[in-house]
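Enquirer: Below is the structure I would like to discuss, written out as structure tokens.
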Amino acid sequence: MKALREAAEKLLREKRVSLVIGYEDRKGRPAFFAAKPEDCGRLAYDASCRQNLAAYLGKPEIRARLPVAVVAPPAVLRSIVVLTAESQLPPGQVLALAVDGDSFLGTFDAAGVAELLRAKYSTLAPEPALLERVQGLLQKSPAERAAFWEAEFSKCTRCYACRAACPGCYCSRCIVEKNAPQWISTAALGHGNYTWSVMRAFHQSGRCTLCGACEAACPQGLPLMLLNAVLDREALEEFGSRPGYDPEAKPLIGSWSADDDHSYMR
Amino acid sequence: MARIGVFICHCGENIGRTVDCAAVSAAAAKMPGVVVGMDYKYMCSDPGQQMIRKAIIEQKLTGVVVGACSPRMHERTFRAAAAEAGLNPYLLEMANLREHCSWVHSNQAEATQKAIDLVRVMVAKVRRNRPLRPIRVPVEPTALVVGGGIAGIQAALDIAAGGKKVVLVESGPSIGGHMARLSETFPTLDCSQCILTPRMVEAASHPNITLMTYSEVASVEGFVGNFTVTIRRKARYVDPAKCTGCGDCFNKCPIKKIPNEFDAGLGLRRAIYVPFPQAVPNKPVIDAAHCTMLQKGKCGLCAKVCPRGAIDYQDQDRLEKVKVGAVVLATGFQLWDHAAYGEYGGGRLRDVIDGFAFERLASASGPTAGLIKRPSDGKEPKTVVFLQCCGSRDDKVGKKYCSKICCMYTAKHAMLYRHKVHDGRAVVFYMDVRAAGKGYEEFVRRAIEADGAEYVRGRVSRITRRRDGKLVVLGADTLAGRPVTIDADLVVLADAVVPRPGSEKLAQLFGVGYDQDGFYSEAHPKLRPVETAAAGVFLAGACQAPKDIPETVSQASAAAAKVLGLFAKPELEREPVIARVNRTTCAHCRACISACPYGAAKDFDIVDRAGKVLRAVADVNEGLCQGCGTCASVCRSHSVDLDGFTDEQIHAELNAL
Amino acid sequence: MKTIETRRLPDLAQALSAAGYCVVAPIEEGGVVRFREWAPGLAIAPGAVPANSSKDFLFPRSEVVARFALEPGGFSPAPVERSAVKTVVLCARPCDAAALTALDAVFNWDYRDGAYNARRQAMTVVSLACSKADEHCFCTSVGGAPDGVAGADAILRPADGGQLLVLDELTEKGRALAQAAAGTLSEGPAALDAPAVLPRRFDSEAVGRWLAANFESPFWKEAALACLGCGACAYACPVCHCFDLQDETDHAECRRLRNWDSCGFGLFTLHASGHNPRPDQSARWRQRVMHKFSIYPQKFKTLACTGCGRCSRLCQAGMAIAATCERIEALGR
Amino acid sequence: MNDDLYKPFLMRIETARDEAPDVRTFRLKFAEETERAEFFQRYRVGMFGLYGVPGEGESTFCVASPPTRDGYIECTFRKVGRVTQALQELEAGQAITFRGPYGNHFPIEDWKGRDLLFIAGGIALPPMRSVIWNILDRRAEFGKVTVLYGARTAADLVYKDELADWAARPDVTLVTTVDPGGQTPDWKGKVGFVPAVLKELAPSAQNCVAVLCGPPIMIKLTLPVLAGLGFSAKDIYTTLENRMKCGVGKCGRCNVGSVYVCKDGPVFTLEDISRLPAGDM
Amino acid sequence: MMKTETSTAPAPAAFEPRITAFVCNWCTYAGADLAGTSRLQYASNMRIIKLPCTGRIDPLFVLKAFENGADAVLVSGCHPGDCHYTSGNYHARRRWTLFRKLLALTGIGDDRLFFSWVSAAEGQKFADLVNDVTAKVRKAGPFCAVHPGRRAS
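Here it is in structure tokens:
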């Protein structure tokens with residue numbers, strides 16, 4: 014904690030960044046924005062930090078204040094790499110204060126982040142419990158699966174907390190906000206809720222780092238990570254996709270290989 | 002307000018027999034936006050088209066749906082009719098009631114219901130159609146031909162003869178390509194250089210052709226009609242404007258022992274050289290890697306002896322931009338390196354040579370002045386084994402495909418050898434003899450019957466060199482069903498034909514596809530064998546697949562005809578089905594840029610009045626876009642749309658189902 | 034005193050259900066407690082502040098307000114059924130009940146919203162006094178109390194250390210409900226538990242005064258930095274009532290829907306021309322705070338906040354309106 | 171009163187005409203006499219309505235005809251979004267949905283005996299047109315009437331026929347102007363931006379009410395000119411065009427400061443507006 | 003078994019599935035044309051939406067089709083290597099590999115969502131495909147009875 018605070022303070026003191034985005038040392042570990050060196054004493058990090066702070070990097074208010082530094086556990090580091098690969102971060106304008114558990118790993122630029130991830134976190138895997146939940150659901154009949162989601166999606170209020178939480182959701186005009194044509198119903202009713210969550214998950218294919226921020230943010234507790242996990246697993250198994258390691262990566266949806274599977278094609 | 006006309010065709014009995022056309026037109030007349038619903042025996046007939054034209058004018062129609070045959074059959078017909086009546090042709094759509102309905106269903110109620118649905122979908126779509134205008138692209142009537150072999154020369158000459166300018170780019174110091182290296186050509190045994198060199202000279206002197214030898218394509222921008230190609234003019238160190246080709250320099254050059262590539266390494270050249278005496282242009286270049294002046298700053302002899310002061314050791318690569326409207330790729334081939342075959346000596350046996358080496362041995366202008374001498378000791382070989390399909394038709398070590406020309410040139414080699422060494426033995430190992438060409442089979446028969454070439458059906462399993470210098474060829478005669486061992490003096494391998502190195506990179510520059518072996522992909526294997534997926538880029542010769550000379554020349558002329566066709570009008574007209582980006586909502590994730598098969602989706606900077614970049618977005622180049630719509634479907638915010646198949650149209654179609 | 038054992042709340046629900054009420058109560062599911070329709074067999078979780086508020090049953094998140102049959106060349110109006118089922122919200126928090134009076138104001142200040150009023154009339158609110166509060170609760174700062182009765186038709190007060198609940202009828206509807214549930218209620222003495230102690234955190238009037246004068250304060254830019262612009266706060270809020278009207282069609286019918294909306298969304302005020310009067314999140318967060326503590330009191334003489342704390346409890350980014358108000362009050366001093 | 175707030179009534183398009191590129195005017199007839207009567211009982215100039223196309227939604231704009239012509243209403247709108255696009259595609263004979271009239275109105279009863287100066291830019295003439303017609307229909311009750319109307323180009327001027335009528339009337343002073351470069355060869359009006367033309371015109375502020383509608387930049391630059399001429403903030407009127415959905419003071423969208431534009435507006439004096447947070451409009 | 007002839011209730015109409023197909027213009031649409039030219043008979047339940055290329059098909063189209071009442075969806079385009087646009091079908095293939103797994107998790111499985119390569123030469127394959135898909139969906143029953151992705155009536 015001390016090392017993190019010192020590193021953040023140094024960045025601000027040396028004016029290498031105008032803002033350090035971190036977690037605050039209070040209950041719930043909410044986002045905290047240190048703009049002055051003396052603010053850095055309020056920074057903290059531990060496993061209860063659920064927000065993916067990379068989500069702020071897409072906000073115009075934050076982009077207006079670049080360069081910034083972000084306190085970043087591994088999943089957030091990966092998000093930074095994804096955003097770099099998708100040309101969302103101007104080069105050299107975002108630094109990561111890498112943290113993991115209790116340790117502060119240092120200050121890294123985008124290239125350094127990728128290097129750190131490859132060196133130290135190349136084997137990050139989804140939580141086994143999450144995969145078990147997916148597996149459990151897949152073992153049910155299609156009708157049971159439909160009923161499961163019917164019950165879940167009926168709770169959705171369309172507050173879009175999932176979208177706000179996600180660093181991958183940086184579109185200035187979300188597809189659900191496009192009204193000509195309005196593909197996804199904005200009413201918080203069955204089919205619109207279903208299409209919304211399914212498409213939002215699909216739009217993260219090959220980009221989601223399974224940080225869990227969407228599910229954590231959902232006020233209704235929808236099991237959104239099931240959708241992300243099934244896509245993550247499929248993308249890994251079929252295409253070897255591991256989002257968030259290669260800042261030069263081509264988008265998974267938007268590239269192809271002649272060897273891609275099509276055994277399901279008739 | 003939408004005023005849609007629906008016209009249902011009976012197609013004689015073809016549709017009417019199964020679909021109740023009157024019921025369909027009556028149902029259509031009640032669909033939202035429809036003001037006219039009619040049916041008629043033959044819509045595509047003159048009276049049928051007249052019905053449509055009349056309704057467009059009288060009813061002030063804003064859209065038309067024709068329920069008839071497949072749009073693949075008559076969409077052009079009906080769109081032309083609509084245009085004649087003053088309606089933008091892209092406001093007409095067809096519902097396929099014949100191929101997709103009446104011909105495949107027999108139950109009248111079901112077929113009629115389906116027909117109504119299909120019409121409803123198209124009515125819903127056409128209400129969202131917008132008038133489109135064919136895209137017009139001005140054409141720069143200059144062609145770029147890449148590759149100065151016979152394919153490139155032929156294409157360039159044909160285009161030039163058609164009155165259009167050509168830039169002919171060749172990476173080597175001279176044009177001529179492989180054909181210049183051949184001794185005689187099958188099946189007529191014409192002297193290759195005798196028939197080629199006049200063309201080379203013509204190409205160099207033609208007022209419409211700009212020759213750029215010792216040059217390569219460095220980068221490509223633009224699209225059909227409007228390419229800007231940057232050519233790297235490699236440093237020659239000899240100013241061609243001053244050089245008279247007198248030869249004093251290369252006669253005096255002290256660096257003498259460089260294997261000459263043109264002679265397949267059998268002859269030698271200097272560090273300053275022309276590759277062969279009939280080279281065009283006949284101006285030397287300095288091989289910087291071997292020149293001691295350029296490497297160590299010592300020597301300078303050529304500069305001293307040059308009477309015109311043409312030698313320039315400071316010369317550097319230059320980049321030159323050319324604007325062209327079309328491109329012919331004619332980069333040719335090379336022979337596969339048989340070093341991969343360890344059992345044939347792995348490339349280490351000097352008397353195991355490839356076909357080009359044999360051509361040079363047989364050539365009157367070659368290193369042996371046309372005498373057959375084996376490389377190791379210069380002796381005349383008395384037994385020569387020719388081995389076909391070396392690396393071809395072998396998907397383990399070599400290539401899966403047949404290289405097509407080897408059967409013929411091997412027959413030619415055997416024949417030439419027998420003409421020159423009357424007491425020599427020519428043994429040919431073959432898998433099959435593929436001699437499907439005019440006079441080809443006869444030619445092979447002649448080699449066997451008149452010239453006594455011994456053809457053995459079978460493979461060679463091993464070639465080893467005995468201490469006495471003989472090559473022991475272990476093979477099998479599969480017809481006789483016995484092993485064969487031959488003590489040979491020379492072995493000639495008919496190596497597989499493969500694309501030139503760097504051809505893949507070149508393909509990427511032009512957006513041309515290539516297959517797993519690196520041969521360029523034609524747009525359609527049957528019907529568009531000269532075009533590529535990149536509009537305005539055509540293929541000629543062996544860069545597309547192994548070919549012999551007549552085939553290569555045919556394709557080159559075909560490519561030239563395509564180019565001249567393209568240049569026949571000052572503007573190109575293209576179907577306006579292209580993608581567009583909504584710059585306000587584009588988040589610049591670059592997925593479309595990655596996905597576009599044509600490189601049409603590109604980065605674009607939005608700038609303010611002072612030129613300051615405000616933000617970057619994606620943009621679509623109208624000239625390059627072919628309208629597949631892949632960009633639109635990878636766009637998460639649906640900021641990319643495809644004219645003709647817009648989100649609005651598809652959404653409306655789905656809502657009508 | 035009319036009492037019922039806390040563990041027998043489902044019996045009360047059953048009795049009300051039998052008497053024709055649609056019973057809404059806090060029910061836990063997948064770790065989240067929310068107000069939903071009770072059904073036999075479901076446990077009631079009286080202690081929690083549900084993730085949603087009771088407004089869901091007056092002002093549903095999506096509702097058809099007009100209907101049209103689409104026909105060749107046009108359309109014709111189709112009837113919309115107004116559903117106003119007799120409903121009881123059981124174990125509403127006092128802050129939920131208090132919110133109803135604030136909602137009544139906007140839905141009736143000039144034009145009267147018939148659909149809302151019909152449901153409001155059909156709804157009986159039985160609140161449950163709070164014997165504990167968490168760090169997000171601040172009803173006492175906005176004129177409420179853990180045992181406040183505003184907006185409620187009846188109130189249940191914990192007694193005997195939470196074992197018992199004492200029912201007080203407050204209105205006619207409350208009395209009718211008590212009558213309907215008489216069979217499950219006992220009459221007898223009970224020692225009321227002390228309501229939760231919740232010190233006042235800020236003076237809402239002082240906050241309102243500062244807000245009215247400090248629209249352009251640089252405070253907003255900094256205070257809103259963490260806000261990610263979702264609608265979780267507004268949708269959980271018992272008073273927030275912004276909505277959108279959207280048409281949805283298939284080829285046969287168009288339904289005009291009233292859907293919840295939030296001033297926190299960038300799209301909320303975006304003009305078709307592309308102009309957005311509230312171009313950034315600070316402007317939108319300012320609107321949210323101003324509307325609750327300045328605009329609404331000016332216009333409707335009531336705060337648009339009852340201190341339930343749901344917005345802060347659910348906010349993924351730790352935006353806390355009470356803390357914001359504390360800071361504002363400090364700025365005003 | 172009907173408490174089914176979002177239930178519209180139907181109106182049929184009697185005539186539709188194009189005013190300018192992307193600008194169209196409808197004359198709408200009521201389907202039911204009761205609806206007509208109820209409408210005109212409440213309608214005053216400056217009020218607005220919600221015009222809808224089922225499947226696309228509703229759009230807000232003013233009623234552009236005066237209550238003195240009570241057999242129909244007219245509206246003029248520009249294609250800017252999904253709903254206005256759908257409305258533009260409609261023709262005479264077709265129906266739309268309508269809710270209204272909503273909002274407050276210009277206090278013309280208070281203006282009796284005073285001079286009136288109307289300043290409009292581009293598509294902002296329609297909100298003022300109902301007022302002008304209302305005044306002209308009751309011409310004797312008011313003083314001098316001056317109309318200054320500017321647009322980007324001559325083609326962008328709306329109500330071209332009516333402008334000619336007004337120009338021909340001796341009791342109206344009409345000044346039209348187009349931005350430099352926007353004139354046609356036969357253009358007879360002025361060339362220049364509205365604020366400059368107003369300065370040149372220099373109408374007296376004495377006993378005069380100014381009504382000002384137009385794009386924000388025009389308003390911003392015209393207000394100082396009016397102030398310079400001596401107009402006080404309470405004598406300058408305008409309409410606000412915030413995004414609206416419900417029209418009845420519920421949905422929260424048009425809220426600016428302490429007002430709901432759809433209920434407390436859309437007509438405001440400059441004095442009212444100066445009390446609203448400028449950063450929210 | 004009860005005697006059936008005494009039943010007065012009308013027999014329920016046999017379930018006729020509604021199937022929406024998204025096909026590319028160059029291969030499958032042409033293949034369907036060929037089926038027609040060859041007069042191959044097949045079930046009439048499918049309605050084709052023509053697009054230039056499978057690369058154009060956004061997964062949203064599929065969800066919209068289900069939402070609007072399709073009981074099944076077919077996506078069909080050119081065989082690998084045959085795409086008129088060189089690689090649109092490869093892009094599509096990758097998309098569908100992921101999307102079908104996602105939909106399977108939500109209960110839309112192989113009996114509702116079909117993919118195929120049908121070339122312009124495969125008229126017979128197209129006809130067989132339509133028949134096969136129709137038979138499978140008939141067995142699976144109406145989609146609207148069971149899924150959250152349907153449009154609420």
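If you read the protein sequences in the order shown, they are chains A, B, C, D and E. The numbering of the first sequence is our numbering, which starts it at 14 and goes up by one. The numbering of the second sequence is our numbering, which starts it at 2 and goes up by one. The numbering of the third sequence is our numbering, which starts it at 34 and goes up by one. The numbering of the fourth sequence is our numbering, which starts it at 171 and goes up by one. The numbering of the fifth sequence is our numbering, which starts it at 3 and goes up by one. Even glycine gets a Cβ: it sits at the ideal position worked out from N, Cα and C.
#1: Across which residues does DSSP place Q685 (chain B) in a beta bridge pair?
#2: Quick check on the DSSP output: what are the complete alpha helix (DSSP H) runs of length 4 or more inside the stretch 551 to 631 of chain B, in order along the chain?
#3: I want to see whether chain C comes within less than 7 Å of C169 (chain A), judged by CB atoms only; does it?
#4: Report the rounded CA-to-CA distance for N130 (chain B) versus K61 (chain B), giving the unit in angstroms.
#5: When you compare the CB of M413 (chain D) with every CB in chain C, is at least one pair closer than 7 Å?
#6: Can you check whether the CB of F276 (chain D) is closer than 7 Å to the CB of V315 (chain D)?
#7: Per DSSP, which residues does V199 (chain C) bridge with? Please list them.
#8: Comparing the C-beta of D167 (chain C) with each C-beta of chain A, is any distance below 7 Å?
#9: Pull up the CB-CB distance for S174 (chain C) and R233 (chain C), whole angstroms please, since I reckon it's below 8 Å.
#10: Between A:R176, A:K28 and A:L70, which has its C-alpha nearest A226 (chain A)'s C-alpha?
#11: Taking 7 Å as the threshold (C-beta atoms), are A541 (chain B) and V329 (chain B) in contact?
#12: According to the Cβ coordinates, are P178 (chain D) and T267 (chain D) closer than 7 Å?
#13: Under 6 Å Cβ to Cβ from A327 (chain B), same chain only, skipping five residues before and after it: list those, please.
#14: Output, in sequence order along the chain, the residues in the stretch 221 to 245 of chain D whose CB is closer than 9 Å to any CB in chain C.
#15: Within 7 Å of any Cβ in chain A, is that where the Cβ of M171 (chain D) sits?
#16: Counting contacts by CB-CB distance shorter than 7 Å, is R252 (chain D) in contact with chain A?
#17: G628 (chain B) versus chain E: which residues are under 7 Å apart at the beta carbon?
#18: Closest to K23 (chain A) by CA distance: which of A:T208, A:G119 and A:Y183 is it?
#19: Considering only DSSP beta bridges, list what C367 (chain C) is partnered with.
#20: With distances taken between CB atoms, is the gap from G79 (chain E) to C146 (chain E) smaller than 7 Å?
#21: I need the straight-line Cα distance from M3 (chain E) to L49 (chain C), nearest angstrom please.
#22: 7 Å is my cut-off, CB to CB: does A193 (chain A) come that close to chain D?
#23: Residues in its own chain within less than 8 Å of S150 (chain C) by CB, not counting five upstream and five downstream?
#24: So, helix, strand or coil for E455 (chain B), using DSSP?
#25: Consult DSSP for N65 (chain A) and reduce its assignment to one of helix, strand or coil.
#26: Using a beta-carbon distance below 7 Å, is P33 (chain B) in contact with chain C?
#27: When you compare each of C:A111, C:V199, C:P59 and C:S109 to M34 (chain C) by their alpha carbons, which one comes out closest?
Expert: Based on what the coordinates show:
#1: The requested residue 685 (chain B) does not occur in the structure, where chain B is confined to residues 2 to 658.
#2: 592 to 596
#3: no
#4: 16 Å
#5: The sequence shown places Arg at residue 413 (chain D), not Met. R413 (chain D) counts as touching chain C.
#6: no
#7: C:T36 and C:R190
#8: no
#9: 5 Å
#10: A:R176
#11: yes
#12: yes
#13: A144, G537, V564 and L567
#14: G222, V223, P224, G225, E226, G227, E228 and S229
#15: Any answer about M171 (chain D) is weak, because its pLDDT of 47 lies below 50 and its placement is not dependable; what the coordinates show is given next. It does not; no Cβ of chain A falls within 7 Å.
#16: yes
#17: P54
#18: A:G119
#19: Because chain C here runs from 34 to 366, residue 367 (chain C) falls outside it and cannot be looked at.
#20: no
#21: At M3 (chain E) the pLDDT is 38, less than 50, meaning the model places this residue with poor confidence; the figure from the coordinates comes in the next sentence. Taking the straight line from one Cα to the other gives about 44 Å.
#22: yes
#23: Correcting the residue type first, residue 150 (chain C) is Asn in the shown sequence and not Ser. Here the set comprises F140 and N141.
#24: strand
#25: coil
#26: yes
#27: C:V199
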